[in-house]
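Below: one structure, written as structure tokens.
Now the structure itself:
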């Protein structure tokens with residue numbers, strides 16, 4: 458699991474524990490360990506500002522290095538497992554990047570902003586990496602998310618549809634009226650209906666996954 462800009466906080470640990478309770482060994486990757494090894498923030502404005510500072514200091518190369526290390530850790534312990542990468546917020550963008558890594562079976566990008574506009578650390582937008590993605594990729598957005606406006610969602614959808622017209626491997630899922638952070642019970646933007654559907658996607662209860 459790749460966390461939001463708030464680091465490995467109580468909600469992140471709760472998600473990992475929920476996966477484990479469902480029989481899926483899980484690991485939270487501290488994406489900001491180079492600048493804040495123990496980052497654990499709440500959801501107020503000052504914490505958001507601090508988290509964004511660490512996010513802005515994190516590059517794509519660092520993200521890929523860390524996720525590759527996590528994949529190797531899992532592969533050594535569960536050699537037959539299908540490895541899924543799940544990310545939320547900045548972690549969602551990071552999950553899109555991680556989908557390019559060998560050994561990743563399925564990546565879930567939950568409301569990862571900026572994929573069609575930029576890349577952490579600079580360079581072409583992360584969406585330009587789509588031809589390198591061999592894993593399954595599911596991008597999940599809320600239509601009321603101000604950080605991922607309609608033109609960004611349309612750019613993502615068009616690119617994924619062009620690469621996989623059947624939508625069997627690459628797809629965008631939109632939840633009407635859901636805001637940024639809709640999966641997180643600790644945030645004011647939490648949306649119980651969208652969150653429940655998101656969990657169905659993650660746990661394989663949706664036949665389209």
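In the numbering used here, the protein residues as written are 458 to 666. From the three backbone atoms N, C-alpha and C, an ideal C-beta is built for every residue, glycine too. Quantities reported herein were computed from a predicted structural model and do not represent experimental measurements.
Does residue i come out as helix, strand or coil in the three-state DSSP assignment?
i: residue 471; result: helix
i: residue 463; result: coil
i: residue 574; result: coil
i: residue 651; result: helix
i: residue 627; result: strand
i: residue 507; result: helix
i: residue 642; result: coil
i: residue 581; result: coil
i: residue 604; result: coil
i: residue 587; result: helix
i: residue 658; result: helix
i: residue 598; result: strand
i: residue 593; result: strand
Less than 8 Å separating the beta-carbons of residue i and residue j?
i: residue 558; j: residue 528; result: yes
i: residue 600; j: residue 632; result: yes
i: residue 466; j: residue 507; result: no
i: residue 493; j: residue 464; result: yes
i: residue 604; j: residue 563; result: no
i: residue 458; j: residue 483; result: yes
i: residue 520; j: residue 556; result: no
i: residue 551; j: residue 544; result: yes
i: residue 657; j: residue 626; result: no
i: residue 469; j: residue 490; result: no
i: residue 515; j: residue 460; result: no
i: residue 535; j: residue 644; result: no
i: residue 553; j: residue 462; result: no
With a 10 Å radius around its C-beta and 16 neighbouring C-beta atoms as the bar for buried, classify residue i as buried or exposed.
i: residue 523; result: buried
i: residue 530; result: exposed
i: residue 533; result: exposed
i: residue 580; result: exposed
i: residue 623; result: exposed
i: residue 635; result: buried
i: residue 513; result: exposed
i: residue 495; result: exposed
Which residues in the same chain have their Cβ closer than 6 Å to the Cβ of residue i, if we skip the five residues on either side of it in sequence?
i: residue 574; result: 582
i: residue 584; result: 572, 573 and 616
i: residue 620; result: 587 and 627
i: residue 487; result: 465
i: residue 549; result: 566, 567, 568 and 569
i: residue 480; result: none
i: residue 618; result: none
Just to confirm my understanding: we take residue i, look at its own chain, exclude 5 residues before and 5 after, and list those with CB closer than 7 Å. What are they?
i: residue 640; result: 545, 567, 652 and 655
i: residue 659; result: 543 and 565
i: residue 472; result: 458
i: residue 646; result: 636, 637, 638 and 639
i: residue 518; result: 578
So within the stretch 509-570, which uninterrupted alpha helix (DSSP H) runs reach at least 4 residues, ignoring any that extend past its ends?
Listed in chain order, they are 517-534 and 547-555.
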